[in-house]
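Here's the structure we're looking at; comments come further down.
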Amino acid sequence: MTSSANAFQSGVSVRSVSKSFGQTRVLSDISLEIGPREFLTLLGPSGCGKSTLLRIIAGLDHADEGSIALGNQTVDGLLPRERDVAMVFQSYALYPYMTVAENIGLPLLMRRTRSWQRLPLIRRLHPVARAATGTIARDVRRAAEALQIETFLDRKPGQLSGGQRQRVALARAMVRNPRVFLMDEPLSNLDAKLRVAARAEIAELHRRSGVACIYVTHDQVEAMTMSDRVAVMMGGEVLQVAPPAEIYDRPAELRVAEFVGSPKINILPGTVRSDGGIDVPGGALAIQSRLPAGTAVSVGMRPEHCDVAPGLGAGGIHGRVRHRENLGSDLFVHVETAGEHRIVARSVPEIAAAVPPDATVTLRPRPDRALLFDRAGRRL
Amino acid sequence: MTTTALPLATERTTHRSGQARAEAIVAYVLSAPAMVCLLGILILPTLATVVLSFTDWQFGAPTLRWIGLDNYTHLAADRVFWKSLGNTVLYVAAVVPLSVGLGLGVALLIEAGTSGRAFYRAAYFLPVTATLIAMATVWEIMLHPSIGLINVTIDALGFPKQNWLKNPDWALFSLACIGIWQALGLNMVLLLAGLKSIPRDLYEAAAVDGADGPWTRFVTVTLPMLGPALSFVLIISAIRSFQVFDTVAVLTEGGPNKATEVLLYTMYQEGFSFFRAGYAAAITVVFLAFVLLLTLVKARIAEKRVHYS
Ligand SMILES: Nc1ncnc2c1ncn2[C@@H]1O[C@H](COP(=O)(O)OP(=O)(O)O)[C@@H](O)[C@H]1O
Ligand SMILES: [Mg+2]
Chain Y
1 MTSSANAFQS
11 GVSVRSVSKS
21 FGQTRVLSDI
31 SLEIGPREFL
41 TLLGPSGCGK
51 STLLRIIAGL
61 DHADEGSIAL
71 GNQTVDGLLP
81 RERDVAMVFQ
91 SYALYPYMTV
101 AENIGLPLLM
111 RRTRSWQRLP
121 LIRRLHPVAR
131 AATGTIARDV
141 RRAAEALQIE
151 TFLDRKPGQL
161 SGGQRQRVAL
171 ARAMVRNPRV
181 FLMDEPLSNL
191 DAKLRVAARA
201 EIAELHRRSG
211 VACIYVTHDQ
221 VEAMTMSDRV
231 AVMMGGEVLQ
241 VAPPAEIYDR
251 PAELRVAEFV
261 GSPKINILPG
271 TVRSDGGIDV
281 PGGALAIQSR
291 LPAGTAVSVG
301 MRPEHCDVAP
311 GLGAGGIHGR
321 VRHRENLGSD
331 LFVHVETAGE
341 HRIVARSVPE
351 IAAAVPPDAT
361 VTLRPRPDRA
371 LLFDRAGRRL
Chain Z
1 MTTTALPLAT
11 ERTTHRSGQA
21 RAEAIVAYVL
31 SAPAMVCLLG
41 ILILPTLATV
51 VLSFTDWQFG
61 APTLRWIGLD
71 NYTHLAADRV
81 FWKSLGNTVL
91 YVAAVVPLSV
101 GLGLGVALLI
111 EAGTSGRAFY
121 RAAYFLPVTA
131 TLIAMATVWE
141 IMLHPSIGLI
151 NVTIDALGFP
161 KQNWLKNPDW
171 ALFSLACIGI
181 WQALGLNMVL
191 LLAGLKSIPR
201 DLYEAAAVDG
211 ADGPWTRFVT
221 VTLPMLGPAL
231 SFVLIISAIR
241 SFQVFDTVAV
251 LTEGGPNKAT
261 EVLLYTMYQE
271 GFSFFRAGYA
281 AAITVVFLAF
291 VLLLTLVKAR
301 IAEKRVHYS
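If you're matching them up, the sequences are chains Y and Z in order. Heads up, the first sequence is in the UniProt record's numbering, so the first residue is 1 and it goes up one at a time. Heads up, the second sequence is in the UniProt record's numbering, so the first residue is 1 and it goes up one at a time.
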């Protein structure tokens, strides 16, 4: 679990990687740089090519074009074993016939002994093999203790709960000192409560290991809470690579803005006025854009950047309340504006009584937080 | 409240127990045909055989006499019986490992290959679907001492020809080869299904963990994952080859000089050629004991592998 010297130097470089399955282009010209100790998340909807990219980095699949480097070494022709990566699979891929200890120890056994030394009798008798067995047992115990599964070492995976299996899979990856951890949706098979705990734990284990980690998920909360940087993928492309806060506050594209954030960002069509303000259905935005008058834009407003006030106030956007969701801490007000556009605004539960369904309200987006996107969806 | 509820409740329970009894009756009625069949074609004949083995009944004779263990003491002293039992065990010992081993080899090759899978699968499965009697005739021609394909080939290669089915040294060996040829297809198909059910993830995890050579991958993933299928195939092959009869009956009739005398053939001869039904029944009981033993082993293995999934 301690970091070796080479762990500090090595990161991962993905250089112009493309991949097709038959006629379907799954990855188009992906480039990424992952720092030596960085936690990078590949975030994107199901089917966007995240797993494929991870498998190409691991050497389980091969890119049609482009190359992968780990540290300073190009690894394109190398087998997964030679790349020295550790992977956690979505299904955990534990060996059902081995005990937990044997599962965790296998990567060490394969690396520290030769094939003939693993033969049943020789394994017991040959001094080198016996010594290896001893150190492996020690390292397995240490990894198991880090994940609090040392009491299950003699069980088979079939006798464990989902959460415990997931820990075994993590321990099997972390028992070594790989150049990079690759994790493919390791939490997607856990229930919501376990997932929250596991999120913090994986981030913590990563920090202690000091090894780069590429983490695949379709869950934006995981991406936002665990990562140093997030790479948002869609349709086989990387749309933006940035720290979580930047992805949220300054999305490069409309698609990124729409994928990240819950409830979803509000998008309204708008037109720039001659004074720099923007007309939207149901009202106007009092901002100072420097765009030429008449430019058509998409205006993005996060729910928490929209104030709601009862009645028809001056300025702002007017609309009618359609639905309210009181979460106790927050009140989400769903408002319908002219042209049947829906806007969700976050407010405090105290105003619930003042904005009953069908009431007329005025929305006042915070001008400094409004996001403008051009026709093609790029942020202006 | 309670006064009204109580009678109501008892009424409901009596109603329910009546319903349960009706359900039980329906269950018995529905399972009765299966029970009758089981009793009629499996249990009663087996019991009858066991009972017969303690009598001196001659096939077709109007009377029979209880002779206790006489048939069995006879068996213990019968050279033909011991020869027959020995031949059967030898046959099983040759056919089981080779047909399972080769079946596994072929399954691995088919699974690893990229083209022609369906063709190879069908080709190897053909002997399973073909009638063995018909196939035995084909083998008889193949093994014919002068015009048979095998001898012609051997002769062309410069080796001495053999009279495969008439030479006591080779006859059982020839029959075992036919047995292997016949069993291989089914074993291959069963093992192929087992191979297909191994998740690809496991091979990938093994590759990342460093178990990526063909041999290492085979012993770390394939073989243990195939364990349940493999033990099933082993037991099934053992039971089936223990039952060897048709090739013996068609090709060698137990000869030459009892070299291919096997349990079921001895039993058949005692019962239907010499009409010593009581004696044949005793041989059958010995045969059934072996099959039962194998079945128990199979059940034990199946139990042991439960928490695999
Ligand atoms: N071996 C394969 N053969 C054909 N298509 C595949 C294969 N693997 C993945 N795909 C396709 O590639 C796309 C991306 O898959 P994947 O990388 O698994 O997506 P994600 O992990 O983001 O959900 C999907 O449309 C999937 O159907
Ligand atoms: Mg995936």
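Where is the CB? At the ideal position from N, CA and C, for every residue including glycine. Remember, predicted model here, so these are calculated numbers, not experimental data.
Query	Result
Cβ neighbour criterion (16 or more within 10 Å) applied to Gln79/Z	Rather than Gln, the amino acid found at residue 79/Z in this sequence is Arg. By the 10 Å Cβ count, Arg79/Z comes out exposed.
Buried or exposed by the 16-neighbour rule on C-beta atoms within 10 Å, applied to Asn71/Z	buried
His62/Y classed as buried or exposed, judged by whether at least 16 other C-beta atoms fall within 10 angstroms	exposed
Own chain partners of Tyr279/Z with C-beta closer than 6 Å, once the 5 adjacent residues on each side are dropped	Asn71 and Glu270
According to DSSP, residues forming a beta bridge with Tyr215/Y	Thr41/Y and Met183/Y
Whole-angstrom distance between Leu184/Z and Thr88/Z, CA atom to CA atom	19 Å
Three-state secondary structure assigned by DSSP to Phe119/Z	helix
Under 9 Å from the C-beta of Glu204/Z: neighbouring residues of chain Y	Arg55, Ala58, Leu60, Pro80, Met87, Phe89 and Ala93
The stretch 193-201 of chain Y / the stretch 97-111 of chain Y touching (three or more Cβ pairs under 8 Å)	no
Minimum Cβ-Cβ distance from Leu312/Y to chain Z less than 8 Å	no
Cβ-heavy atom distance, Ser51/Y to ligand 2, below 7 Å	yes
Counted within 10 angstroms of its Cβ, other Cβ atoms place Gln159/Y as buried (16 or more) or exposed	exposed
Selection from Val96/Z, Thr46/Z, Tyr28/Z and Thr220/Z that minimises the alpha carbon distance to Glu105/Y	Contrary to the premise, residue 105/Y reads as Gly rather than Glu in this sequence. Of the listed residues, the one whose Cα sits closest to Gly105/Y is Thr220/Z.
Distance CB(Val208/Z)-CB(Val100/Z) smaller than 8 Å	no
Local Cβ density within 10 Å of Pro292/Y, reported as buried at 16 or more and exposed below that	exposed
Below-8 Å beta-carbon distance, Ser51/Y vs any chain Z residue	no
Chain-order list of residues whose beta-carbon lies under 7 Å from that of Glu150/Y (same chain, five-residue window excluded)	Arg141 and Ala144
Runs of alpha helix (DSSP H) lying entirely within the stretch 56-135 of chain Y, each at least 4 residues, in chain order	80-83, 100-112 and 120-125
Whole-angstrom C-beta distance between Thr337/Y and His318/Y, which should lie under 8 Å	7 Å
Helix, strand or coil at Ile34/Y according to DSSP, with G and I counted as helix	strand
Whole-number beta carbon distance between Leu182/Y and Leu147/Y, since they are thought to touch under 8 Å	Actually they are not in contact, since the Cβ atoms of Leu147/Y and Leu182/Y sit about 18 Å apart, beyond 8 Å.
With 16 other Cβ atoms within 10 Å as the buried cut-off, status of Val348/Y	exposed
Proximity test, Gly44/Y beta-carbon vs ligand 1 heavy atom, cut-off 7 Å	yes
The stretch 75-90 of chain Y touching the stretch 185-193 of chain Z, judged by at least three CB pairs closer than 8 Å	no
Val216/Y CB to nearest heavy atom of ligand 2 below 7 Å	yes
Test: Ala207/Z CB closer than 8 Å to a CB of chain Y	yes
Test: Tyr97/Y CB closer than 8 Å to a CB of chain Z	yes
Beta-carbon proximity of Pro365/Y to Asp212/Z, cut-off 8 Å	no
Contact between the stretch 224-237 of chain Y and the stretch 31-45 of chain Y (3+ Cβ pairs under 8 Å)	yes
Cutoff 8 Å: Leu43/Y Cβ touching any chain Z Cβ	no
Pair within 8 Å by beta-carbon distance, Leu371/Y and Gly270/Y	no
Any non-hydrogen atom of ligand 4 closer than 7 Å to Thr24/Y Cβ	As presented, the structure is devoid of ligand 4, carrying ligand 1 and ligand 2 as its sole ligands.
Length of the line joining the Cα atoms of Gly113/Z and Thr260/Z	39 Å
heavy atom of ligand 2 below 7 Å from Asp184/Y C-beta	yes
Nearest-angstrom Cβ-Cβ length linking Ala277/Z and Trp82/Z, presumed shorter than 8 Å	Not quite, the Cβ-Cβ distance comes to about 21 Å (not below 8 Å), so this is no contact.
Beta-carbon neighbours of Leu170/Y, restricted to chain Z and to distances below 9 Å	Those do not exist, as Leu170/Y stays about 13 Å from chain Z at its closest Cβ, beyond 9 Å.
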